[in-house]
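Structure record follows, encoded as structure tokens.
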Amino acid sequence: MNGESFAVLSGIKPSGSFHLGSLTTAEQIVYYQKEYGATAFYCIADVEAFCDNRIPYEESFEIAVNNLADMLALGLDPERAYIYRQSEEKRVMDIAFEAGAHVTTAMMKAIYGEQTVFGLYMTALLQVGDILLPEHEDFGGPKPVVVPVGADQDPHIRLTRDIARRLHPHHKFVPPSATFHRLIRGLDGSEKMSKRNPMSYFELSENLESVKFKIMNALTGGRPTIREQRELGGEPHKCRVYELAFFRVDDDSLVEDIYHRCTSGELICGDCKAMIFEKIAAWIREHNLRKRKMVDLARKILEENSVSPTCRPGISRP
């Protein structure tokens, strides 16, 4: 970073509550803001929620309040962030329309496949607008932008970098960068957590008994019998519960101990699941306690389309 001013951008489609996958990206935004002084841009992708999930704006607004309260509870500093709704940010729309002059239908189909609803191609261009928004002259002009994403989001980044180069003669955009994180595999054994498969993930607002049920029934790397487990040891690289601990338990020494006790055959899957659930449940309780204190602030920010003082010069609400 070398002390250079930069921005970090991400967002969420307000279609449901925060879940484990949401956390991975959210924590990176907070990290860049706190550790490197980045200005955070957080997009509420309500237009995408409307096009993709048919969620009315009034409904997605209430979901967004809940999502933003999670972000604030995780440590996002609203005084050093620009938090906005796609449907109300004209600058994003302007960039998206300009980007649309540099793509063809064939190009969009090649990147995103055949879509039954053309609006999904339009929301892809809106994402281009979101990613390039921190470089708008109202926010100080061209600058490095980091976008934390899963590897499955790489097409969006590549499209945006290509369009940034095409728009460079006029806007001088710096092609954005991305950090890629591992996708957490589904608790049920699927390769990716998905809202379409409720047993593959849990939400932070979910009843803890439901969370416990999902963890206790998750795929493990245990052997078929206890005797074989004792003799051969478990296979934590196959275990979704160990993977959950690897990503979500802060105590590295405990995670390492779980690994060695599993592979040596000392630890049985049922005991391991119960122990990891207690750690996860304690974190969820603490998070939701912080979150409840942030709901009013989250609503105020979204109602006012709030902008931090450091981002305010030259900005007017569309």
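Quick note on numbering: the numbering used here labels position 179 of the sequence shown as 179, and the sequence is numbered without any gaps.
Where a beta carbon is used, it is the ideal one built from N, C-alpha and C, also for glycine.
N- and C-terminal bounds of the beta strand (DSSP E) containing Cys51:
Element bounds for Cys51: not the beta strand (DSSP E) but the alpha helix (DSSP H), Asp46 to Asn53.
Contact defined as beta carbons within less than 8 Å: I believe Ser22 pairs with Tyr42. What is the distance between those atoms, to the nearest angstrom?
With 8 Å as the limit, Ser22 and Tyr42 do not qualify as a contact, their Cβ atoms being about 12 Å apart.
Quick one: give me the first and last residue of the alpha helix (DSSP H) that Ser10 is part of.
Counting along the chain, Ser10 falls outside any alpha helix (DSSP H), though it belongs to the beta strand (DSSP E) covering Ala7 to Ile12.
Hey, how far is the Cα of Thr25 from the Cα of Pro148?
6 Å
At 3 residues or longer, what runs of the beta strand (DSSP E) sit wholly inside the segment 147-230?
177-181
Nearest CA to the CA of Gln229: which residue from Asp70, Ser264 and Phe202?
Ser264
Boundaries (first-last residue) of the beta strand (DSSP E) holding Ala81
Ala81 to Arg85
Closest by C-alpha distance to Thr373, when choosing among Arg185, Val174, Val128 and Leu183
Because residue 373 is not part of the residues shown, which for the chain are 1 to 318, the question remains open.
Judging by CA-CA distance, which residue of Ser15, His19, Pro236 and Ser5 is the nearest neighbour of Ser205?
His19
Residue closest to Glu278, alpha-carbon to alpha-carbon, out of Ile226, Lys212 and Tyr32
Lys212
Check whether the Cβ atoms of Leu167 and Ala81 lie closer than 9 Å to each other.
no
When we look at the beta-carbon of Tyr36 and count the other beta-carbons within 10 Å, is it buried (16 or more) or exposed?
exposed
Check: His156 C-beta below 8 Å from any heavy atom of the ligand MN
For the ligand MN, the structure offers nothing, since it holds no ligand at all.
Taking 6 Å as the limit between beta carbons, can you name the residues of its chain near Ile12, skipping five residues before and five after?
Asn67
Please classify Ala40: does DSSP put it in a helix, a strand, or coil?
strand
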